[in-house]
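**Student:**
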Amino acid sequence: MEFRLLSDIAEYCHTEGKDFAQAMLDYEMRNKNLTREQVYASLKQILLVMEESVEQGLTQQVVSPSGMLNNWAKQIYEHPLGALGPQLQKAIARAIAVGEVNACMGRIAAAPTAGSAGIMPAVLVTMMEEHRLSRERILDALLVSSAVGLIFARNSSFAGSEAGCMGETGSAAAMGAASITYLLGGNEEQILEAVGFALKGSMGLVCDPVAGLVEEPCTTRNAVGVANAFVSAQMALSGIKSLIPADEVIFATKEVGDLMSPRLKESAQGGLANTKTGREIQKRVFKQSD
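Take the sequence shown: its position 129, counted from the start at 1, is 112 in the working numbering, and no numbers get skipped.
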């Protein structure tokens, strides 16, 4: 059983009369020789880590060793003036919470990477709370997100050193968009449309960590990635179609990543890392002198 494209999974769903989650359950069981119980046990552990990292970031003191991050998630979560709706305000706070926990060497679920680890927890915890969804339903959404991750990994790259932040927060936003669409009753075609929208919304995003640390601008890009996921899902659920199919968008991310300058791919040699303030922060963090 082999899936090379998202359209392969959609075709399998139509042929077998199954949804995306069931298709990926079949994949895990057959390709990894696992039982259904083993697959869900693993998913439960991943979800638990995600929930714990969100909770830690919103309730404990989280100041990164560099000093760049300092309880930002709490400020957003508790702020009374909302430029966003309550759901999205909480979601972006949760994404930043996980980023702060990561920067403080806390335990996270890298889904798909540490630098983008806030997006999926923020999506799933927010959807579970706002729509009163069962944990079993959320586990199925994790399976749906794994379909996107599987195909993206095969045809592009998660690595910031290869595809920039497009490969990290971009792919995570696509995974989140697919999950939201699935949880709100979207069909296979709408799930693919959501993936396409999310990836197009992050096309060409560089990886330029200040001082080489996964903090600035990585953490706030997780918040933007969550917003991307919800926006993309909303467009897909509304019946809007991406003019470029999701599989082709994934191919395009590979091309863009290959064309991107190495200075803009995790090297901390360009972009925000190479600004005057960025270099001053680097010197302060590592106690460097001119």
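Note that the Cβ used here is the ideal one computed from N, Cα and C, for glycine as well. Treat the numbers as computed from the prediction; the structure is a model and nothing was measured.
Which residues bound the alpha helix (DSSP H) around LEU71?
**Tutor:** Segment 69 to 86, the alpha helix (DSSP H) holding LEU71.
**Student:** What is the rounded straight-line gap between the Cα of ALA56 and the Cα of ARG77?
**Tutor:** One C-alpha to the other measures close to 7 Å.
**Student:** Going along the chain, which residues of its own chain have a beta-carbon closer than 6 Å to the beta-carbon of GLN265, five neighbours each way excluded?
**Tutor:** The residues are ALA194.
**Student:** Give me, in chain order, the residues of the same chain whose beta-carbon lies closer than 8 Å to that of SER244; leave out the 5 immediate sequence neighbours on both sides.
**Tutor:** So the list reads GLY253, once near-sequence residues are dropped.
**Student:** By how many angstroms is the C-alpha of VAL32 removed from the C-alpha of ALA210?
**Tutor:** So the alpha carbons of these two residues sit roughly 22 Å apart.
**Student:** Please classify LYS237: does DSSP put it in a helix, a strand, or coil?
**Tutor:** Three-state DSSP puts LYS237 in a helix.
**Student:** Might you give, ordered along the chain, the residues of its own chain that have their beta carbon closer than 7 Å to the beta carbon of LEU116, omitting 5 neighbours on each side?
**Tutor:** Closer than 7 Å at Cβ, skipping near neighbours: MET110 and LEU166.
**Student:** Give the single residue among ALA124, ALA161 and ILE163 whose Cα lies nearest to the Cα of ALA4.
**Tutor:** Of the candidates ALA124, ALA161 and ILE163, the one whose C-alpha sits nearest the C-alpha of ALA4 is ALA124.
**Student:** Take the Cβ of ALA24 as the centre, count every other Cβ of all protein chains shown within 10 Å, and call the residue buried at 16 or more, exposed below.
**Tutor:** Exposed, because fewer than 16 other Cβ atoms sit within 10 Å of the Cβ of ALA24.
**Student:** What distance in whole Å lies between the Cβ atoms of ALA94 and ALA100, which are believed to be in contact at a cut-off of 8 Å?
**Tutor:** With a Cβ gap of about 6 Å, ALA100 and ALA94 count as contacting.
**Student:** Tell me the rounded alpha-carbon separation between GLY179 and ALA216.
**Tutor:** Spanning the two alpha carbons is a distance of roughly 10 Å.
**Student:** Which residue comes first and which comes last in the alpha helix (DSSP H) that contains ASP191?
**Tutor:** First-last for ASP191: undefined, no H or E at that position.
**Student:** Near GLY240, which residues of its chain fall below 8 Å by C-beta distance, leaving aside the five closest residues on each side in sequence?
**Tutor:** So the qualifying residues of the chain are SER139, SER140, GLU145, ALA146, GLY147, MET149, GLY150 and LYS248.
**Student:** Give the single residue among SER162, MET51, PRO69 and LEU64 whose Cα lies nearest to the Cα of GLY290.
**Tutor:** This structure leaves residue 290 out entirely; the chain is present only between -16 and 273.
**Student:** Mind reading off the beta-carbon distance from PRO200 to LEU255? Whole number of angstroms is fine, and I expect it under 8 Å.
**Tutor:** About 6 Å separates the two Cβ atoms, so the contact holds.
**Student:** GLY208 to ALA105, Cα distance in whole Å?
**Tutor:** Straight-line Cα distance between these residues: approximately 10 Å.
**Student:** Can you tell me whether ARG13 is buried or exposed, with buried defined as 16 or more other CB within 10 angstroms of its CB?
**Tutor:** Exposed, since its Cβ has fewer than 16 Cβ neighbours within 10 Å.
**Student:** Does THR260 pass the burial test, meaning 16 or more other C-beta atoms within 10 Å, or should it be called exposed?
**Tutor:** That one is exposed.
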